[in-house]
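K.L.:
Mind the numbering: the sequence shown is residues 1 to 297 in full-length UniProt numbering, read in order.
Handing you this structure, nothing more for now.
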Amino acid sequence: MTPNRHILCIGSALWDTIGRHEQVMEAGQDRPGRIRRVPGGVALNIAMALARLGMAPQVLTVLGTDAEGDTLAAACARRGVDLALALRRADLPTDAYMAVEGANGLIAAIADAHSLEAAGDAILAPLEDGRLGSPAFPYGGTIALDGNLTAALLGVIAASPLFAAADLRIAPASPGKADRLTAFLAGGRGTLYVNREEANLLSGCNAPDAGGAARALLKAGAERCIVTDGIGEAVDLSATNCYRATPPLVEPRRVTGAGDTLMAVHIAAELQGMGRGEALAHATQSAARYVAGEDIS
Numbered sequence: 001m002t003p004n005r006h007i008l009c010i011g012s013a014l015w016d017t018i019g020r021h022e023q024v025m026e027a028g029q030d031r032p033g034r035i036r037r038v039p040g041g042v043a044l045n046i047a048m049a050l051a052r053l054g055m056a057p058q059v060l061t062v063l064g065t066d067a068e069g070d071t072l073a074a075a076c077a078r079r080g081v082d083l084a085l086a087l088r089r090a091d092l093p094t095d096a097y098m099a100v101e102g103a104n105g106l107i108a109a110i111a112d113a114h115s116l117e118a119a120g121d122a123i124l125a126p127l128e129d130g131r132l133g134s135p136a137f138p139y140g141g142t143i144a145l146d147g148n149l150t151a152a153l154l155g156v157i158a159a160s161p162l163f164a165a166a167d168l169r170i171a172p173a174s175p176g177k178a179d180r181l182t183a184f185l186a187g188g189r190g191t192l193y194v195n196r197e198e199a200n201l202l203s204g205c206n207a208p209d210a211g212g213a214a215r216a217l218l219k220a221g222a223e224r225c226i227v228t229d230g231i232g233e234a235v236d237l238s239a240t241n242c243y244r245a246t247p248p249l250v251e252p253r254r255v256t257g258a259g260d261t262l263m264a265v266h267i268a269a270e271l272q273g274m275g276r277g278e279a280l281a282h283a284t285q286s287a288a289r290y291v292a293g294e295d296i297s
C-alpha cells in the first residue's frame with residue numbers, strides 16, 4: 001500500500017434503502033418505482049468510489065455485530081474497502097439511511113446514524129494506539145472526514161494533534177448537519193466540500209452562486225473550499241487561487257451519493273498529480289456521469 005494511494009475515510013458506513021420514481025414527484029405522493037438496498041453512508045460512499053478509482057481506502061466507523069453489520073462488512077470487502085479497523089459493537093445496531101427520489105431530485109430522506117454518534121471517539125482509537133498513528137507520530141496521509149460525526153467530536157478532531165499532520169478533506173452529511181463543521185472554520189483547517197446551500201448555512205450568508213458562497217466561507221475562516229451548485233458552476237477557492245468548472249448537463253438517473261462521488265474523484269485526481277483546475281473539471285464531469293447513471297472508474 002503506497003502512501004499516495006492509502007486514504008482514511010472516517011464516518012458513516014450503513015445500508016442505504018433508496019426508492020426511485022422515474023417521473024417528477026412531489027412530497028406526499030404514492031407512485032410506482034424501484035427500491036434498492038446498497039452499501040452507503042458518506043464515508044463509505046467516498047471509500048467505495050476511491051476503490052473503483054484504484055485507491056486503497058480504509059474506513060474508521062462503527063458496525064453492529066448484527067446480521068446487517070456482517071453483510072455490510074462482506075459487501076465492502078468485495079468492493080475493495082478495508083474495514084479491518086472498524087469498531088464492532090454488540091450493543092449498537094448497524095446504522096441505516098432511507099431516501100425517496102424522483103426525476104426532479106431528492107424528495108425526502110432520513111439518516112439514522114445514532115450508532116455512529118453513540119460510539120463517539122472510540123472509532124478513532126487506531127489513530128492513537130499506533131495502528132495508524134500516535135500522539136508522537138500522527139497519521140500523515142489524506143483523511144476524508146464525514147459530518148455525520150457529532151459536533152463535539154468534530155470540534156475535538158479540528159484541534160487534535162492526532163490530525164495535525166493529515167491532509168484533511170471534510171464534507172457535511174447533509175445541509176441539516178452543515179453547522180457541525182464550524183470548528184474547521186474557527187481553526188482554519190482542511191478542505192471543505194460543500195454545496196451552495198451548505199456553504200451559505202456555514203457562513204451565515206445567502207450567496208446566489210458558488211463563487212459568492214466560497215468567498216463567504218473563506219471570509220468566515222475556511223482554509224480552502226470546493227463549492228458546487230447543482231448544474232451551475234463549481235468553485236475551488238483558497239486565499240491564493242480560484243478555479244472554476246461547469247458540469248455538463250445530463251438527464252438525472254440518481255441523486256444519492258453524487259456529492260460523495262465528486263469528493264472521491266477530486267481527492268484521487270489530486271493525489272495522482274492533476275493540477276487544481278484540471279482536478280475540479282474532472283470531478284464535476286465524473287459526478288455528472290454518476291448522476292446520469294454511468295459507472296465511475
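For each residue, glycine too, the CB sits at the ideal point set by N, CA and C.
Keep in mind the model is a prediction, meaning the values are calculated, not measured.
(1) Which whole-angstrom value describes the C-beta separation of G130 and A165, a residue pair presumed to lie in contact below a C-beta threshold of 8 Å?
(2) Helix, strand or coil for A245? Go by DSSP, reduced to three states.
(3) Below 8 Å on the Cβ atoms is my contact criterion, and I expect residue 321 with L60 to pass it. Report the Cβ-Cβ distance as a whole number of Å.
(4) Within the chosen definition, does the stretch 28–35 reach the stretch 76–94 through at least 3 CB pairs nearer than 8 Å?
(5) I need the DSSP call for L154, collapsed to helix, strand or coil.
(6) Go through the stretch 8–69 residue by residue and report every complete run of the beta strand (DSSP E) that reaches 3 residues or more, in order.
(7) In the DSSP assignment, what are the bridge partners of V265?
(8) Does the contact criterion of 3 or more C-beta pairs under 8 Å hold for the stretch 251–263 versus the stretch 208–217?
(9) Quick one: what's N195 bridged to in DSSP?
(10) Is it buried or exposed, T142, if we count other Cβ atoms within 10 angstroms and call 16 or more buried?
(11) What did DSSP end up calling S160 once you bin it into helix, strand or coil?
(12) Tell me whether I296 sits in a helix, a strand or coil according to DSSP, three-state version.
(13) Take R20 and list the residues in its own chain whose beta-carbon comes closer than 6 Å to its own, dropping the five residues that flank it on each side.
(14) Less than 8 Å separating the beta-carbons of A49 and D260?
(15) To the nearest angstrom, how far is the alpha carbon of C205 from that of A183?
(16) May I have the straight-line CA-CA distance separating V24 from T246, to the nearest angstrom?
(17) Is it buried or exposed for I110, if we count other Cβ within 10 angstroms and need 16 for buried?
(18) Just to confirm my understanding: we take T2, look at its own chain, exclude 5 residues before and 5 after, and list those with CB closer than 6 Å. What are they?
(19) Rounded C-beta distance between D95 and L181? I'm assuming under 8 Å.
(20) Below 7 Å CB to CB, which residues in the same chain sit around P47 once its five sequence neighbours on both sides are set aside?
(21) Specify, as a first and last residue, the run of the beta strand (DSSP E) that T142 falls within.
(22) How would you call F137, buried or exposed, if buried means at least 16 neighbouring beta carbons within 10 angstroms?
(23) Quick check: the stretch 185–197 against the stretch 225–238, are there 3 or more CB pairs under 8 Å?
P.N.:
In short, the structure shows the following:
(1) At roughly 15 Å, the Cβ-Cβ gap does not stay under 8 Å, so G130 and A165 are not in contact.
(2) strand
(3) In this structure the chain extends from 1 to 297, so residue 321 is not present and cannot be described.
(4) no
(5) helix
(6) Correct list: 14–20, 34–40, 56–60, 62–64.
(7) Bridge partners of V265: none, in fact.
(8) no
(9) T228
(10) buried
(11) coil
(12) coil
(13) The answer, listed in chain order, is G33, R34, E101.
(14) yes
(15) Their Cα atoms are separated by approximately 17 Å.
(16) Approximately 25 Å between the Cα atoms of the pair.
(17) exposed
(18) Unreliable positioning characterises T2 in this predicted model, as indicated by a pLDDT of 42, which lies under 50. The coordinate reading is nonetheless provided below. Hits under 6 Å: none found.
(19) About 20 Å separates the two Cβ atoms, so there is no contact after all.
(20) One point to set straight first is that residue 47 is Ala, not Pro, in the sequence displayed. In the same chain as A47, and ignoring 5 residues on each side of it, the C-beta atoms closer than 7 Å to its own belong to C9, P57, V59, V81, in chain order.
(21) 142–146
(22) exposed
(23) yes
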